[in-house]
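Protein chains in written order, with the working numbering: chain A, 293 to 657; chain B, 293 to 657. Idealized CB from N, CA, C, for every residue including glycine. Some notes on the structure that comes next.
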């Protein structure tokens, strides 16, 4: 279905965290209204929208009211229940589509989708019980990583399978949920491609990002990634192939590992393994708020509104983004004093450990 | 009084137009909440804030409730009634101060303030009735401009006194309000200085802006203005002198005429006449949203929050800003397709003639 919203139309956003907040801010700049649907009364996005629904994602009456009061629905997280997405898609337009959600919210389905499209991932096997875990470990070796198929993020829902670990205990440690075992990828570098695809198939990628994690949480992103040009081009090609195969509308991020069989010694020998598809705006794209001609949030709004995509060029020679996690946010005063630093705070009341409280970008010339 | 807000604090903003909207968006980026107070149910700023009061500016109960629920009060327009400002200042901190408002909302008081500080303006005389208008016209000549002392903007509340015009009719045409007569300044160029002053006296100006008006409404701004360096420096010096004399806190804009006695032929002969002080963020500073390291809206929020001012450097070689007035906003689709154009729409429902509906910026490298 092809359409274009007019200014003044309302974008419904499922989820009220910082991604929903920054989407609402981008919509406002373009003269669009945002209606935030969240189950958390303290949602940061509630502070920046004209309409809000506080209800659970299983509340069918609230979902239906929301769907008929907005012109298009999008979301800030992929763990939207299938039934929720179906109710919304019945009454409104959901972008990206419920089919995309179904593919990307289940690690096994996602890996099977990638494999079917000829895209390399870590080796993986399906795990439904301690017995299938034992068979998978026999195949993929130790250490390897057991991950729940659904609801994992920032390292939640995964456990390392070490030498000597009791596999029944390991399987129970994730609550007995359906899982997959993944071989460990000996990566030289973690990268991501943040890109958008419009309803007409138009595709636009930002510079490939290079990411560093701490305690499974993104800590730092630099764009462009320091990569051989052919590797960067291949990364973008993979993201485009994924977006096309999903008939995707909106911004997506594809996380990849760069594997260098020569241990970093060789040029051009690098290979890519796709780790994860995020069917939404992504933390590794936050640098685009200050460092790109069009931010990822505006780009997502443009795509779901049926508007042309914006230019993805970069201001300056490179851009870096640091997350402010937990108490790191207390450096806000120091950051405010730093010329050229761009402070973004998410309006969260409590600086809990591991909680993303804000970020800072620096455009380097 | 010196203080610094903490993230999560609330900035109260009087006025719900596009300036209030862009202030609220800037506050949100910095983790501050915005509470908008407006007498217009269709206020564009209501769509982007966490708290809103819909009440008249004379409603003392609503004003008092507002004042005690916010941490600092600022405003998007200078025509705040004196009694309103006094009530708010009793219960909260108002920035810029009610004294600044009193000076800048009355053209006569403002000109007397400038004159007392040795700053050149157009020649002017006070006009209270047809008799004093006749005396002023005898002194300042025709054509000259009769302006109400208060509540004028975008050419409203002013009339040209032509050769042969009946002065009694002219005076009545402005409703008999207290007025001033201003001599016409034969200007070569209209410029403005958008600058900020912090609570500690820190001062930071953006590049001088060059402005073009159509039907008394700002149409176009370019930064930096094409000016001899000594003229630009003198313009900034005047803005600083004004901000210091007002003990100003926040962003202000000073509109000036560049008078070139040699008719544009000479270098360095230019003189400046201050036309108007806007004690708020200003239309000629909208280019800073995309073209400067810190936008004027963030800068104002920083100043009124008691935070350090941000860097005012420019992205790119120059920046231009075009207002989208009335039906010009219908070009939004074309602007969305233009690489490097930054579209800003204000969420106003109806594109009435003369109404500012949005703006577009282009950063030129």
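TODO: May I have a chain-ordered list of the beta strand (DSSP E) segments no shorter than 3 residues that lie completely inside the stretch 560-591 of chain A?
DONE: 563-570
Open item on the list: Under 7 angstroms, CB to CB, which of the residues in the stretch 624-649 of chain A have a partner in chain B?
Closed with: 624, 628, 629, 631, 632, 635, 636, 637, 638, 639 and 641
Task: DSSP-derived helix/strand/coil call for residue 511 (chain A) - done: Counting from one through the first chain, the residue named residue 511 (chain A) turns up at place 219. Residue 511 (chain A) falls in the strand class under three-state DSSP.
Open item on the list: Which residues does DSSP list as the beta-bridge partners of residue 503 (chain B)?
Closed with: Numbered from its first residue, the second chain carries residue 503 (chain B) at position 211. Answer by DSSP bridge pairing, in chain order: B:482 and B:513.
TODO: Taking only beta-carbon positions, decide if residue 489 (chain B) is within less than 7 angstroms of chain A.
DONE: On the second chain, residue 489 (chain B) is found 197 positions in, with the first residue counted as 1. Closer than 7 angstroms: no.
Open item on the list: Between which residues of its own chain and residue 455 (chain A) is the CB-CB distance below 8 angstroms, once the five residues before and five after are set aside?
Closed with: Taking the first residue of the first chain as position 1, residue 455 (chain A) is located at position 163. Closer than 8 angstroms at the Cβ level, and outside the excluded window around residue 455 (chain A), lie 434 and 435.
TODO: Quickly, what does DSSP pair residue 406 (chain A) with across the bridge? List them, please.
DONE: The residue given as residue 406 (chain A) occupies position 114 in the first chain. DSSP lists no partner for residue 406 (chain A).
Open item on the list: List, in chain order, every chain A residue whose beta-carbon is nearer than 9 angstroms to that of residue 418 (chain B).
Closed with: By 1-based counting over the second chain, the position of residue 418 (chain B) is 126. Near residue 418 (chain B) there are no residues of chain A at all, since even the closest Cβ is about 43 angstroms away, more than 9 angstroms.
TODO: Please decide whether residue 340 (chain B) counts as near chain A, where near means a Cβ-Cβ distance under 7 angstroms.
DONE: Position 48 of the second chain, counting from 1, holds the residue named residue 340 (chain B). With 7 angstroms as the cut-off, residue 340 (chain B) counts as an interface residue toward chain A.
TODO: Enumerate, from N- to C-terminal direction, the unbroken alpha helix (DSSP H) stretches of 4 or more residues contained entirely within the stretch 436-473 of chain A.
DONE: 459-465
Task: Cβ of residue 307 (chain B) within 7 angstroms of any chain A Cβ - done: One-based indexing of the second chain puts residue 307 (chain B) at position 15. No, its Cβ sits nowhere closer than 7 angstroms to a Cβ of chain A.
Open item on the list: For a quick check, are the C-beta atoms of residue 515 (chain A) and residue 372 (chain A) less than 7 angstroms apart?
Closed with: One-based indexing of the first chain puts residue 515 (chain A) at position 223. One-based indexing of the first chain puts residue 372 (chain A) at position 80. Contact: no.
Open item on the list: When you compare the stretch 591-607 of chain B with the stretch 356-369 of chain B, are there three or more beta-carbon pairs, one atom per stretch, that lie closer than 8 angstroms?
Closed with: yes
Open item on the list: With distance defined between alpha-carbon atoms, name the residue in A:572, A:629 and A:606 nearest to residue 580 (chain A).
Closed with: Numbered from 1 along the first chain, position 288 holds the residue referred to as residue 580 (chain A). The shortest C-alpha separation from residue 580 (chain A) is found at A:606.
TODO: Quick one: using the 10 Å Cβ neighbour count with 16 as the cut-off for buried, is residue 665 (chain B) buried or exposed?
DONE: With chain B covering only 293 through 657, there is no way to say anything about residue 665 (chain B).
Task: Cβ neighbours of residue 417 (chain A) in the same chain (closer than 7 angstroms, five flanking residues each side left out) - done: Residue 417 (chain A) sits at position 125 when you count from the first residue of the first chain. Taken in chain order, the residues that qualify are 428, 431, 432, 472 and 473.
Task: Chain-ordered chain A contacts of residue 579 (chain B) [CB-CB under 8 angstroms] - done: Translated into the one-based positions of the second chain, residue 579 (chain B) becomes position 287. Residues of chain A passing the Cβ test: none, with the nearest at roughly 14 angstroms.
- [ ] Flag this pair as yes or no: are the beta carbons of residue 540 (chain B) and residue 388 (chain B) separated by less than 7 angstroms?
- [x] By one-based count along the second chain, residue 540 (chain B) stands at place 248. By one-based count along the second chain, residue 388 (chain B) stands at place 96. The answer is yes: Cβ separation under 7 angstroms.
- [ ] Decide if the stretch 485-503 of chain B is in contact with the stretch 526-535 of chain B; the criterion is three or more beta carbon pairs, one per stretch, under 8 angstroms apart.
- [x] yes
Task: chain A contacts from the stretch 599-610 of chain B (Cβ-Cβ distance under 7 angstroms) - done: 599, 600, 603 and 607
Task: Beta carbon proximity, residue 344 (chain A) to chain B, threshold 7 angstroms - done: The count along the first chain starts at 1 and reaches residue 344 (chain A) at position 52. Chain B contact via Cβ: absent.
Open item on the list: Can you give me the C-alpha to C-alpha distance between residue 617 (chain A) and residue 656 (chain B), rounded to a whole angstrom?
Closed with: Position 325 of the first chain, counted from the first residue, corresponds to residue 617 (chain A). Position 364 of the second chain, counted from the first residue, corresponds to residue 656 (chain B). Answer to the nearest angstrom: the Cα atoms are 36 angstroms apart.
Task: At least three beta-carbon pairs within less than 8 angstroms, the stretch 503-518 of chain A to the stretch 410-425 of chain A - done: no
Open item on the list: Under 7 angstroms, Cβ to Cβ, is there at least one residue of chain B near residue 427 (chain A)?
Closed with: Here residue 427 (chain A) refers to the residue found at position 135 of the first chain. No, its Cβ sits nowhere closer than 7 angstroms to a Cβ of chain B.
TODO: Would you tell me roughly how many angstroms separate the C-alpha atoms of residue 614 (chain A) and residue 491 (chain A), rounded to the nearest one?
DONE: Indexing the first chain from 1 puts residue 614 (chain A) at position 322. Indexing the first chain from 1 puts residue 491 (chain A) at position 199. Between residue 614 (chain A) and residue 491 (chain A), the C-alpha separation is close to 32 angstroms.
- [ ] Determine the burial state of residue 458 (chain A): buried for a count of at least 16 other Cβ atoms within 10 Å of its Cβ, exposed for fewer.
- [x] Your numbering for residue 458 (chain A) matches position 166 in the first chain. Exposed, by the Cβ-count rule.
- [ ] Please work out which residues of its chain come closer than 7 angstroms, Cβ to Cβ, to residue 449 (chain A), disregarding the five sequence neighbours upstream and downstream, and give them in chain order.
- [x] In the first chain, the residue the question calls residue 449 (chain A) occupies position 157. These residues qualify, in order along the chain: 439, 440, 443 and 466.
Task: Counted within 10 angstroms of its Cβ, other Cβ atoms place residue 295 (chain B) as buried (16 or more) or exposed - done: As a first step, residue 295 (chain B) is located in the second chain; it is residue number 3 there, counting from the start. With fewer than 16 Cβ atoms within 10 Å of its Cβ, residue 295 (chain B) is classed as exposed.
Open item on the list: Just checking: is the beta-carbon of residue 320 (chain A) within a distance shorter than 7 angstroms of some beta-carbon in chain B?
Closed with: Position 28 of the first chain, counted from the start, is the residue given in the question as residue 320 (chain A). So yes, residue 320 (chain A) belongs to the interface.
Open item on the list: Buried or exposed, going by whether 16 or more other CB atoms sit within 10 Å of the CB of residue 484 (chain A)?
Closed with: Against the first chain, residue 484 (chain A) aligns to sequence position 192. When all chains shown are included, residue 484 (chain A) counts as buried.
TODO: Using 10 angstroms around the beta-carbon of residue 345 (chain B), count the other beta-carbons present and answer buried if the total reaches 16, otherwise exposed.
DONE: Position 53 of the second chain holds residue 345 (chain B). When all chains shown are included, residue 345 (chain B) counts as buried.
Open item on the list: Measuring straight from C-alpha to C-alpha, what distance separates residue 248 (chain A) and residue 628 (chain B)?
Closed with: What is shown of chain A runs 293 to 657, which leaves residue 248 (chain A) out entirely.
Task: residue 299 (chain B) at chain A interface by Cβ criterion, 7 angstroms - done: As a first step, residue 299 (chain B) must be located in the second chain, where it is residue number 7. Yes, residue 299 (chain B) lies at the interface with chain A (some Cβ there is under 7 angstroms from its Cβ).
Open item on the list: I need the boundaries of the alpha helix (DSSP H) containing residue 656 (chain B), first residue and last residue.
Closed with: Position 364 of the second chain holds residue 656 (chain B). Unbroken run through residue 656 (chain B) is the beta strand (DSSP E), 648-656; no alpha helix (DSSP H).
Task: Under the three-state DSSP convention, the category residue 349 (chain B) falls into - done: Looking up residue 349 (chain B) in the second chain gives position 57. Coil at residue 349 (chain B), not helix or strand.
Task: Rounded C-alpha distance that separates residue 642 (chain A) from residue 566 (chain B) - done: By one-based count along the first chain, residue 642 (chain A) stands at place 350. By one-based count along the second chain, residue 566 (chain B) stands at place 274. Cα to Cα, residue 642 (chain A) sits roughly 48 angstroms from residue 566 (chain B).
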